[in-house]
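Numbering (our numbering), first residue to last: 8 to 226.
Here the structure is laid out as structure tokens; the discussion comes afterwards.
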Amino acid sequence: MVRLKAFAIHLAASVAVATCLVVLLVSRYFPLPYFFADGGWQGLRLVVAVDAVLGPLLTLIIFNPAKGRRALLRDYTVIVLLQIGAFAFGAWTVFAHHTALVVYADGTFYTVDAEEARHLPDPLPELVRNAKWSPAYAVVVMPEDLDQRQALRREALRRKRPLYVVAPDRVRPLTPETAAEIEAGALSPEAIADLPPEALQRFLADHGGLPHNYRLIPL
8 MVRLKAFAIH LAASVAVATC LVVLLVSRYF PLPYFFADGG WQGLRLVVAV DAVLGPLLTL
68 IIFNPAKGRR ALLRDYTVIV LLQIGAFAFG AWTVFAHHTA LVVYADGTFY TVDAEEARHL
128 PDPLPELVRN AKWSPAYAVV VMPEDLDQRQ ALRREALRRK RPLYVVAPDR VRPLTPETAA
188 EIEAGALSPE AIADLPPEAL QRFLADHGGL PHNYRLIPL
């Protein structure tokens with residue numbers, strides 16, 4: 008009975024710590040939908056498995072009420088240190104790959120994790136630094152001239168790199184002015200009318216408003 012109580016206390020503490028990590032990631036570093044789309048949940052599952060399962064299980068296995076106070080303290084210290092080390096390493100790994108940048112370029116949204124963002128050409132790293140706690144949002148403003156747009160697309164295909172890497176000089180922070188680039192790629196009213204009505208009604212029920220209040224961008 009005492010062993011189960013020790014296990015329950017350790018499990019409750021571990022779950023509380025894991026919950027705090029989830030809240031931090033979702034509210035700051037992996038806001039929805041990036042938490043699921045960019046691997047935040049996949050990485051976190053491993054961290055939670057170590058923190059909320061392995062540590063309490065070790066307590067359940069090793070705990071022996073017949074041991075003296077000093078021996079129990081030594082066992083707990085070893086378990087907690089191992090758990091903290093594994094948890095810190097896992098949490099740092101997840102953090103290092105959090106969504107740092109979201110770029111809209113020529114009809115496509117790209118997400119970039121923090122590690123990759125460090126190696127991008129200017130001004131992208133500066134945008135990420137300025138965003139601090141949340142992903143930075145940017146837009147690649149395409150040339151108005153069709154030939155220039157096609158030339159950029161061909162260069163991106165040739166280099167097998169996205170447009171925000173091929174033409175970093177055309178990257179701008181997302182503002183009401185640059186948002187026009189995104190609106191230009193939105194679905195027309197006719198295309199919206201062709202969407203499954205159940206899906207559209209479900210979206211409006213969740214978010215409110217009418218279809219014309221939104222710009223729906225194909226992904």
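Ideal placement from N, C-alpha and C gives every residue a C-beta, glycine not left out.
Under the three-state reduction of DSSP, residue 147 is assigned to strand. Rounded to the nearest whole angstrom, the C-alpha separation of residue 95 and residue 79 is 24 Å.
By the Cβ test, the segment 120 to 136 is not in contact with the segment 87 to 94, since fewer than three Cβ pairs between them sit closer than 8 Å.
Between residue 54 and residue 92, the C-beta spacing is not below 8 Å. Judged by DSSP secondary structure, residue 87 falls outside any beta strand (DSSP E) and instead within the alpha helix (DSSP H) spanning 76 to 103. By the Cβ neighbour-count rule, residue 198 is exposed, with fewer than 16 other Cβ atoms within 10 Å of its own.
If you compare the alpha carbons of 220, 213 and 209 with that of residue 194, the shortest gap goes to 220. The C-alpha of residue 104 lies about 9 Å from the C-alpha of residue 36. Contact annotation, residue 11 with residue 59: C-beta distance approximately 17 Å; criterion of less than 8 Å not satisfied. Selection 217, 165 and 108 evaluated against residue 136 yields 108 as nearest (Cα-Cα). Looking from the CA of residue 25, the closest CA among 182, 57 and 39 belongs to 57.
For the pair residue 112 and residue 203, the CB atoms are not nearer than the 8 Å cut-off. Secondary structure note for residue 179: its beta strand (DSSP E) is the uninterrupted segment 178 to 180. Taking the Cα positions, residue 73 is about 13 Å away from residue 82.
Annotated as proximal: residue 47 and residue 101, with beta-carbon spacing under 8 Å. Looking at 76, 49 and 70, the one whose alpha-carbon comes closest to that of residue 13 is 70. In the three-state reduction of the DSSP assignment, residue 193 falls in the coil class, being assigned neither a helical nor a strand state. Distance from the CA of residue 28 to the CA of residue 106, rounded to the nearest whole angstrom, comes to 16 Å.
In this structure, DSSP gives residue 14 a helical state, which the three-state scheme calls helix. Non-local C-beta neighbours of residue 148 in its own chain, meaning closer than 7 Å and more than five positions away in sequence, comprise 177, 179, 185 and 188, ordered along the chain. Comparing alpha-carbon positions, the option among 139, 125, 140 and 144 lying closest to residue 117 turns out to be 144.
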